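First comes the structure, then the notes that go with it.
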Amino acid sequence: MTEKIDVASLRDFNPAEYITDKEDFKGYLDALEEEGELGALTEGLLTLFQAKGALMVAEALGVDVREVWDAQQQPEEHQKLLLRILELLKKG
281 MTEKIDVASL RDFNPAEYIT DKEDFKGYLD ALEEEGELGA LTEGLLTLFQ AKGALMVAEA
341 LGVDVREVWD AQQQPEEHQK LLLRILELLK KG
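Heads up: the sequence shown begins at 281 in my numbering, then just goes up one per residue.
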C-alpha cells in the first residue's frame, strides 16, 4: 500500500541551504560554468547570491550558516535573527 504524502506540508527545496562553506560555493559555481545553459546559469547565480548572503550573515554573527537557514523557518527565531542583523548593520 502506498502512503499518501501531504504535499502542502513539504518545505520548498532551496539548494542555497546546502552551500555551507567556500568549498561548496566553488563547487556549485564550477558546476554552473560546466552546464553553461542560460536558464541554469541564471537560476544558479540567484542561488549563489542567496547562499553568499547567508554565509556572510553567519560569519558576521559568529554562527554556523545552518542556524541562519533554520531560523528562517521559525517566525520567532527569524525575528531574533533579523534584529541581530540590524544591530550589526548599525555598527557598520
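Where a beta carbon is used, it is the ideal one built from N, C-alpha and C, also for glycine.
As the structure is a computational prediction, the values presented were derived from the model and not from experiment.
Check: Continuous alpha helix (DSSP H) assignments of at least 4 residues falling wholly in the segment 292-320; Outcome: 302-315
Check: Selected residue, minimal CA-CA separation from GLU313, among GLU357, GLU303, LEU325; Outcome: LEU325
Check: C-beta contact flag for VAL337 and ILE365 at 8 Å; Outcome: yes
Check: Rounded distance between the beta-carbons of THR327 and ALA296, thought under 8 Å; Outcome: 5 Å
Check: Rounded Cβ spacing between PHE305 and LYS332 (contact assumed at less than 8 Å); Outcome: 7 Å
Check: Whether LEU361 touches ALA351 by CB criterion (8 Å); Outcome: yes
Check: Nearest to ASP301 (by Cα), restricted to the options ALA320, ALA311, ILE285, ASP344; Outcome: ASP344
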